[in-house]
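Since the structure comes first, as structure tokens, the remarks are kept for the end.
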Amino acid sequence: MGHADDPRRFLVDGRLDRSPRRWRDKVAVTRYLATVAMPRLLEPISERDLTDRLAELARDPVALRRAMVDLGLVSRTRDGAEYWRTERTEHDPEPDAVEIVDRALGESP
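In full-length UniProt numbering, the protein residues as written are 1 to 109.
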């Protein structure tokens, strides 16, 4: 991944102070921050914990959370009490064989 495509170029000391102007860049930085805030796929997290994590990463954690849901990266319960990341991104490490087999068998790691 070249520097021009690296979403971290929009962060200042690891935080997003201003959303990028271009849509493609907004999507890229949102995908990256979703992976940072929610490193484990499908692991449920409370709205409060997620907002706290996102507050460490962005000036507007609520807008970032909404963007993650709108882009289909994150799902939530109907009442918004719990969130979980539903999409593997290019920022995730490659799954190992054990993880793939466990997931196929429906067993959690």
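For every residue, glycine included, the Cβ atom is placed at its ideal position computed from N, Cα and C. Since the structure is predicted, the reported quantities are computational estimates derived from the model, not experimental observations.
Boundaries of the alpha helix (DSSP H) around R66: 61-70.
With contacts defined as CB atoms closer than 7 Å, L73 and E87 qualify as a contacting pair. Cα atoms of E43 and T35: separation of roughly 12 Å, rounded to the nearest angstrom. Ranked by Cα distance from V29, the options S75, R40, A4 are led by A4. Closest option to L16, judged by alpha-carbon separation, among P7, R24, R22: P7.
D60 and R85 have their C-alpha atoms roughly 19 Å apart.
For E82, the enclosing beta strand (DSSP E) covers residues 82-85. Taking the CA atoms as reference points, M68 sits about 16 Å from E56.
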